[in-house]
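Notes follow once the structure below has been shown.
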Amino acid sequence: MRDESKNNGPLLEIKNLQTHFFTNEGLVKAVDGLDLEIFSRETSGLVGESGCGKTVTALSIMGLLPSPGKITQGSITLQGRDLTQLPERKLQKIRGKEIAMIFQEPMTSLNPIFTVGHQVEEAIIFHQGKSRKEAREITREMFGKVELPSPEERMNEYPHQLSGGMKQRVMIAMALSCQPKLLIADEPTTALDVTIQQGILALLNKLQDEHSLAILFITHDLGVISQVANRIAVMYAAKIVECAQAGEIFRNPHHPYTLGLLNSIPKIGGGEKRLPAIPGQLPNPLVPVKGCRFHPRCFFVKDYCLEKEPPLAEIAPGHKTACWRHSEIKAQSN
Amino acid sequence: MKAKMVNSPGSQPENLSLIHQTRGQEFWRTFKRNKLALTGMVVLGFFFLTALTGLFLTYGREPFFNPRTVRLADRLRPPLSRPHRTIPEENRPRFGIYILGTDDLGRDVFARMLQGAVVSLSVGFVAVGISLFIGMILGGIAGYFAEVKLLKGVTVDDVIARLIDIMLCFPVFFLILTLIAILPGNIWMIMIVIGITGWTGAARFVRAEFFTLKNQDFVIAAEALGIPRRRIIFKHMMPNALAPVLVAAIIGIPGAILTEAALSFLGFGVPPPHATWGNILAVGRRFIFDAPWIIFSPGAAILLTVLSFNLFGEGLREALNPKLRIR
Amino acid sequence: MLAFLKRSLWQRVITLFLISVIAFLIIHLAPGSPAEICPLNPKFTHEDIERLREALGLDKPLPVQYALFYKRLFTGELRSFKDGQPVLGKIWERFLNSLPLFVVGTILTWFLAFPLGIKAALKRESFFDRATTFFAYLLIALPAFFLAYLLIIFVVQRFDVSVMGMTTFGIEDAPWAFRWNNRLWHLLLPSILGAAGGIAILSRFVRSQMLEIINQDYIRTAKAKGLPEDTVYYKHALGNALMPFITMFGLVLPALIGGSVIIEYIFAWPGMGRLGYEAIMARDFPVIISLNFIAALLTLMGTFLSDILYMLVDPRIRL
Amino acid sequence: MTKSLLRVVNLKKHFPVERGMLSRLSGWVKAVDGVSFSIDAGETLGLVGESGCGKTTLGRTILRLLEPTAGEIFFEETKLNELSPEELRQFRARMQVIFQDPYSSLNPRMTAGSIVGEPLAVHRRAETKGKREEMVGELFEKVGLARHHKNRYPHEFSGGMRQRIGIARALALKPKFIVCDEPVSALDVSIQAQIINLLQELQEELSLAYLFISHDLRVVAHMSNRIAVMYLGRLVEVAVKEELFQNPFHPYTKILLEAIPEPGVIKKQKTGLPGEIQSSLNSPSGCSFHPRCPLAKEICSREEEPQLQEKEKNHFVACHLR
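Chains as they are written, first to last, in my numbering: chain S, 67 to 400; chain D, 63 to 389; chain P, 2 to 320; chain G, 846 to 1167.
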């Protein structure tokens, strides 16, 4: 199934994306030369720690960058159209209709003064030109699909009457109501409890099959991503450092950061020995690191890592990594 | 190799906190970007200097500029005019001209303005000082001891909240007028009345601030460490509540200056012999068509001072509020 | 919902009671007992005290005085010291005079402040935003009485009309069109003046409120849905941004008295503010106390009204 | 009976729910509702549960940062409930707390050095100022900070380093017991591991006892000797870690365990738990878990709330069906 879609080329292709924030403190390169391909019917995972540029990437795709942020270079191509070049008016037609997005905080992502039903209908009416009645019908159907209990009643309720998990389901219903091709899910379960998280992840998996949807799933949690993603890209300090099939990433990490992340997660039944933690702190976005951006925290660092930045290179079919010493790391990680 | 990956926490790399800036530096950097606020600060500085020198130059029995000299021959002279030749030498203005003209009694408006600057600014400061004092104490009590029950389930917070409600129900300016009409009128009474009718803002501010602070982890941590309550309130909570209160004060001062001016204008303000910007204006009111300069000087001075205070205060608020700061 | 209303009403009844006591006690603030002449306070003459003693029953214990005063007020027996007119009737007459000033001023304020504030917020940092910001600060800083005289000088010299009072004296026989025109001229200036400061302050509030809402997550959601900008801002953002102003709307009513003293004084407008001023000048205590009390009553009614409005508009309270 | 360091008996903390002035009480939030357990010296008891289950309230009530509604707390056989405010203040040196949010847990207007030094000064642990400075320096080194960091303000540090300052502050008075309230939840994955290691090292070096609160079972599993599972203000299962993972009795524990997403282990098509955690304001009759329990029988809603019972040695469960 995946091979078939690959033949048709990616649904969305990001090339050398540079998103910069011109803050008062200085230039922040929130995304600094990012390449990413998203295929239909696939879930692409984007993993990284806070401040690494995951969310900025998503907002760049949506064209919703907040104020001091600008795309300075690169292209985001959705089926032949470069989104960075489209005027706002055309982007509006794409947002919600072709690309939809759900956010981390279901608590604050819905407008408190409108019923949740109305908020879903609104997009349907705008994008599909349906009548209010038809839109209501579609909304009810969507509420059923996202497994909200008694959808008819829910539609007339306000956000504050729903729990966090239910609100996230409403957000999903809203996002999928216009049959988008791509759904961007930005940490959709981070604010929810584990037992609720499972339900949302299962729902996303189910809906992806039903709607042959492409999902860009953004999270900091390697555990969560392994439940949903087909491909995983690991991001560190505004760049992708490793990218491969999900299983491959976990079995064969080739970048010291990926390896370090995997090792530093405590495992149940893993005993009481110390966790192999990555030393040091997250990089300061205002101060760019010369050479490989991971070198100050890397156990494999050599002199040349301080000089030149490694490119994201394909080291095996479908497996790219940005490390000068990836071959040695592979040997040691086993 | 695996063993080496175990990281001991002692081996922290050194280049970590790269923005090494004190709060003061950070504040100043944010503040000075706001050109309007900066201008406001400079103008305020100028007014303070003027008020201070004005205090010296108009003080005493024979001041450098005498605001009390009455010259009936030189009534309602326009600015920059020369005194009448009948004016005796000792009553002539300095430099031989009336810089801002004269009023209906031939008093030098410039000298009166100088004297008024001190009075107007000090009314502003003292009145707001009183407001803040009451507001901080009541607000602090309401915020910190909010849940303490007094009787029959009525909490401390309830009582103070009701008090604030009551204050808010009175039309402030009318209330001030009423009080000043009843109480013996002198400059201190005016400061006090403006002060005690204006504390609700500060109280609500401090109350909200203490409410949040009380539940902040660092305050709970202090309690967990067995730090005495008095020290928690004054060392941990007060300094953190002070910044917004300071801003409220800065923005409150021009309000008090305006109120005093309005009172003087209506004839309820600071009684003679003190000149204030308000009562200079009140005098000029009767001659607006014949001698408009009399109202222009105090009007413009009030306008500039209040404007600078507000701009400066807003700049402070912005620079002190981490939420408004763009990170 | 009903419980919310009940509580809200009950609280206000208590507040009103406390206010009635305080308003009444204000005159006892005068040094010593109000029934004694204080040599330090030349504002009180012997006759003043005598009248007070008689009108307020100052010989009786405080609670009786209190009950007596409000009984007289509500039965319309309370009379002004100055001219012996019933206080309530007097206030009512002046209230009717103040009303047009108040209505025009409020309409001006709200209808100008909102579009200005919203536009400034949506075009943040633009020339328009900077310009309105500057003028707002200017208006806030301009003392109303100073601005009033600037305007009077301008209007009188430029248009050669008189603006003092409610109408020009001695035009009762003029044709109605002329009289209306005349009234309008007289109404316009004080209304604009009354509104000026309000416009400045309110538009600032609207701007900051709007800015805050624009940064909310649900606005991002609305944008992510692909809704057109107008829908995002005027439906999703404005709806929420308006909430706090419901409270402010309730506080508009008391401005009928407190806010108008200076303007009515300058323009010799025979309204409530001027009545208050005159009463204070004449130490007409029944009128002073009644005005303070009525202002508080109006405030409480206003805030109660805004509570009800809130309940109708905000779904979070409605339940 | 062995003497435990901390013993909690039937602890309750209820918050009144009332609105506005003169309003009548409309109910109680039973944040902690009859909790009993004990912790030995040098031991870590893990406490897991979802948001709103009362974990944090329990942690704070044990330290008497919140006054318990009912129940008893014994620390080294001293009954904490009966201490006077001044006695309690002195006693606080022996038990400390580490917070979740590294940003709000440090006073932004004090330097790192004075934050750590303040308890030493207040409790007169150093004779001279120089001695105190020296002790602060030692504490800084102990938690992996440099001595010269003590003149800096909290906002100059990253989240992980702030957490280290918080730990140094908690250690200053040489406590025997620390409540760790989600100490790593706000940190990034790569920093989490550093702090976890630090806490473990300190525990071994200073033989500390921890009550380790977290919603993340992976972290709790790594840290703890024994684990207590909390649901709606009550403990539903308490057991030694290995026993709990191999042999969970309570259906809620089972679901929690299944819900942990483990990296690299792909087990799609789990559905999680139906419904949402109830508010403890209107807890249902009978077992508070029964509305969400996949195994619920009639007895669960009919009978009283099940009590914690020892089903196997050192394995306590509160469930009608087990």
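Cβ coordinates follow ideal geometry from the N, Cα and C atoms, glycine included. Owing to the predicted nature of the structure, the values given are computational and were not obtained by experimental measurement.
Closest option to P351/S, judged by alpha-carbon separation, among S330/S, L214/S, Y302/S and L77/S: Y302/S. A residue is called buried once 16 or more other Cβ atoms fall within 10 Å of its Cβ, and A96/S is buried on that count. The Cβ atoms of A296/P and F236/D lie closer than 8 Å to each other. Going by C-alpha positions, G331/D is about 27 Å away from L308/D. With its beta carbon at least 8 Å from every one in chain S, E1088/G lies outside the interface.
Close to D275/S, with beta-carbon spacing below 9 Å, lies no residue of chain G; the smallest spacing is near 11 Å.
Between the beta-carbon of M1068/G and that of I1105/G there is about 15 Å, and that puts the pair past the 8 Å contact cut. By the Cβ-count criterion, R292/D is exposed, with fewer than 16 other Cβ atoms from all chains shown falling within 10 Å of its own Cβ.
Taking the C-beta atoms as reference points, L249/S is found nearer than 8 Å to L242/S. Runs of the beta strand (DSSP E) lying entirely within the stretch 301–326 of chain S, each at least 3 residues long, are 305–311 in chain order. Within chain P, the residues whose beta carbon sits less than 9 Å from that of P178/S are Y219, N241, D315, P316 and R317, listed in sequence order.
In this structure, F273/D and A208/D form a Cβ contact; the two beta carbons are roughly 7 Å apart against a cut-off of 8 Å. Assignment of T261/S by DSSP, reduced to helix, strand and coil, places it in the helix class. For a cut-off of 8 Å, the C-beta gap from I334/S to A1066/G is around 5 Å, short enough to register as a contact. DSSP places W390/S outside any beta strand (DSSP E), giving it a letter other than H or E. In the structure shown, K211/S adopts helical secondary structure according to DSSP, grouped into three states. Taken atom to atom, the span from the alpha-carbon of V185/D to that of H187/P is near 35 Å.
Within the stretch 915–932 of chain G, contact with chain D at the beta-carbon level (separation under 8 Å) is assigned to no residue. Against chain G, the beta carbon of F280/D has neighbours under 7 Å at S949, S950, L951 and N952, listed in chain order. Look at L348/S: its C-beta is under 8 Å from a C-beta on chain G. Taking 8 Å as the threshold, the shortest C-beta distance from P334/D to chain G does not fall below it.
Interface residue (Cβ-Cβ distance to chain S less than 8 Å): K226/P is classified as such.
Residues G205 and Y206 of the same chain have their beta carbon placed closer than 7 Å to that of K276/D, with the five preceding and five following residues left out of the count. In the displayed model, R954/G falls within coil according to three-state DSSP, outside both helix and strand.
Here DSSP, grouped into helix, strand and coil, assigns T973/G to coil.
The DSSP-derived three-state label of S106/S is coil.
Within chain G, the residues whose beta carbon sits less than 9 Å from that of A286/D are R905, L908, L910, R937, M940, Q941, V942, A1015 and V1024, listed in sequence order. Around the Cβ of I242/D, a 10 Å sphere holds 16 or more other Cβ atoms; the residue is buried.
Contact with chain P is found for H226/S, since one of that chain's Cβ atoms lies less than 8 Å from the residue's Cβ.
F294/P is the residue among F294/P, V262/P and I15/P whose C-alpha sits nearest the C-alpha of F232/D.
Contact between the stretch 310–330 of chain S and the stretch 131–150 of chain S is absent: fewer than three C-beta pairs spanning the two stretches fall below 8 Å.
Any Cβ of chain S closer than 8 Å to the Cβ of H187/P would place that residue at the interface, and such an atom is absent. For L78/S, the enclosing beta strand (DSSP E) has its first and last residue at L78 to T89. A Cβ-Cβ distance of about 5 Å is found for the pair V1024/G and V942/G, placing them in contact under the 8 Å criterion. Between K233/S and C309/S, the gap from beta carbon to beta carbon reaches 8 Å or more. Setting aside the 5 residues that flank it on each side, D252/S is surrounded in the same chain by K120, T121, A124, M167, I168, F169, Q170 and I284, each with a C-beta closer than 8 Å to its C-beta; the list follows chain order.
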